[in-house]
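**Student:** First the structure, then my questions, so here it is.
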Amino acid sequence: MKWIRKLFGLKTPLEKKQDKLARLRKNAFDAQRRGKLSLAGKYLHEAEILETEIANEMEALDGR
-5 MKWIRKLFGL
5 KTPLEKKQDK
15 LARLRKNAFD
25 AQRRGKLSLA
35 GKYLHEAEIL
45 ETEIANEMEA
55 LDGR
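Going by our numbering, the first residue of the sequence shown is number -5, and it counts up by one from there.
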């Protein structure tokens, strides 16, 4: 079943959140390199919240 989702590019909500987390981290890195530290902090804060959500979801899935 996983190969079908991969073939069509379908992602689970957890995979979408992980992709968004990677984008936020990259944006924070880029903002920091440009010297926009407040923007980098905003991205890192959003990433931290998302990390917590992902950890909670993974814990719930493992607990089943």
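For each residue, glycine too, the CB sits at the ideal point set by N, CA and C.
In whole angstroms, give me the CA-to-CA distance for residue 17 and residue -3.
**Tutor:** Position 23 of the sequence shown, counted from the first residue, corresponds to residue 17. Position 3 of the sequence shown, counted from the first residue, corresponds to residue -3. Approximately 24 Å between the Cα atoms of the pair.
**Student:** Report yes if the C-beta distance between residue 41 and residue 27 is below 7 Å; otherwise report no.
**Tutor:** Stepping through the sequence shown from its first residue, residue 41 is reached at position 47. Stepping through the sequence shown from its first residue, residue 27 is reached at position 33. Taking 7 Å as the Cβ cut-off, residue 41 and residue 27 do not qualify as a contacting pair.
**Student:** Of the choices 4, 2, 9, whose alpha-carbon is the least far from that of residue 52?
**Tutor:** Numbered from its first residue, the sequence shown carries residue 52 at position 58. The option with the nearest alpha carbon to residue 52 is 9.
**Student:** Ends of the alpha helix (DSSP H) at residue 36?
**Tutor:** Start at 1 with the first residue of the sequence shown, and residue 36 comes out as number 42. Where residue 36 is concerned, the enclosing alpha helix (DSSP H) stretches over 31 to 57.
**Student:** Between which two residues does the alpha helix (DSSP H) harbouring residue 8 extend?
**Tutor:** Taking the sequence shown and counting its residues from 1, the one referred to as residue 8 is at position 14. First-last of the alpha helix (DSSP H) with residue 8: 7 to 28.
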